[in-house]
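What follows is a short report on a single structure.
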Amino acid sequence: MRSAVLIAVMSAVTIALRALPFIVFKRQTPPWVANLGRVLPPAIIGMLVVYCLKDVSLSARPFGLPEAAAVACVAGVQALKRNSLLSILAGTALYMTLIQLAL
Amino acid sequence: MKAQLIRQAFYKSVPVMAGYLVLGMGFGILLRNAGYGVVWAAAMSLFIYAGSMQYVGVGLLAGGASVLTTAVTTFMVNARHLFYSISMIDKYKGAGKYKPYLIFALTDETYSLLCGAKAPEEADSGLFCFLVSLFNHGYWVAGSVMGSLLGTALPFSTAGIEFSMTALFVASFTEQWITAKDHLPAITGLLCTLLCLLVFGRDSFLVPAMLLITLVLALLRGRKEGAK
């Protein structure tokens, strides 16, 4: 019962955070918010890239080399082929191969 | 026509599939080990639908956290969603009946798929985004249930498959970099986050990073207008 309440709280807070901007700026989007809406996406995606790599250690083996190689692979394939499915598959396959072989 | 739109939405969602199935399974396994079975896993993935928060939530449930602690923790972990929503206000404006679900289902990965996406036909934008969101939600719930039921009895090594999430963001970043004329926002995002990671450490840099990014982007805009 207590767990069900906690899950409901987590759900409610998450929904509230996702809905709040839509409710607050329902009538009219102020220019500064509209501008943020334009420039935030690339910045946030950059932030998420860093977030995903936050646990990579540069001072211990393998010094983040599998991650560096796989990130370069994704970026390279994406730049050449402009196909995100292909670049994600290529980078993930490379990463899995690298860490499973090296262990 | 509709079948074609569904196919296109499915194709769009495929990059998220592997990641959500694997991360969902990880969550299901973790929750099972904490003493909560498949119904709990399905309920959390259906109603909370926020990856990292659900991992944190396992600890909250198992540790018997208070309602207040749970609410504050959820707020901190998920505060970044405020920013996703701000940048989707325009995009979801004409979504009509799909809008409530689109807002509910705006996860990191769905955001990254849809923030730069164009529907095949402008008129179908709401339905297209709805379908992509629904597919992703489905993968997440399916992964959680599978993890809870199957546990660790997998026949092959999936070590490293979690990199597909990183790869998804790197691919989005690269694509936006190629299409954008102004690279300052992307650079701002990377540098501000790295700075906050160094200053605040890996457990608590996300919220400061968002605030700093917002501040810098607002200042950049002010400077640009001053120059005009």
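Same order as they appear, the protein sequences are chains A and B. Numbers 1 to 103, taken from the numbering used here, label the letters of the first sequence in order. Numbers 1001 to 1228, taken from the numbering used here, label the letters of the second sequence in order. Here a beta-carbon is modelled for each residue, glycine too, at the ideal position from N, C-alpha and C.
DSSP places THR1174(B) inside the alpha helix (DSSP H), whose first and last residues are 1163-1179.
In this structure the segment 1062-1073 of chain B does not touch the segment 1041-1050 of chain B; the number of beta carbon pairs closer than 8 Å is below three.
For ILE1213(B), the closest C-alpha among the options ALA1071(B), LEU1190(B) and ARG1202(B) is that of LEU1190(B). Under the three-state reduction of DSSP, VAL1216(B) is assigned to helix. Look at VAL1067(B): its C-beta is under 8 Å from a C-beta on chain A.
Under the Cβ distance rule, ALA1041(B) does not count among the residues neighbouring chain A, no pair being separated by less than 8 Å.
Against chain B, the CB of GLY37(A) has a partner CB under 8 Å away; the residue lies at that interface. Our two residues, PHE1128(B) and ALA4(A), have alpha carbons roughly 33 Å apart in a direct line. Cβ atoms of THR1110(B) and SER1133(B) come within 8 Å of each other, at about 5 Å. In the three-state scheme derived from DSSP, where H, G and I count as helix and E and B as strand, LEU53(A) is classed as coil. Around LEU1215(B), no beta-carbon contact reaches into chain A at under 8 Å, the shortest distance being about 11 Å.
Excluding residues up to 5 positions away in sequence, nothing lies with its Cβ nearer than 8 Å to the Cβ of ALA16(A) in the same chain.
Taking the Cα of LEU1113(B) as reference, the smallest distance to any Cα among PRO41(A), VAL9(A) and PRO30(A) is reached at PRO41(A). The Cβ atoms of LEU1021(B) and ALA1167(B) do not sit closer than 8 Å to each other. VAL13(A) sits close to THR1074(B), with the two beta carbons spaced by under 8 Å. By the neighbour-count criterion, in which 16 or more other beta carbons inside 10 Å mark a residue as buried, ALA1041(B) falls on the buried side. For CYS1115(B), the residues of chain A that pass the 7 Å Cβ criterion are PRO41, in the order they occur in the chain. The criterion of a C-beta distance shorter than 8 Å is not satisfied by MET1146(B) and GLY1019(B).
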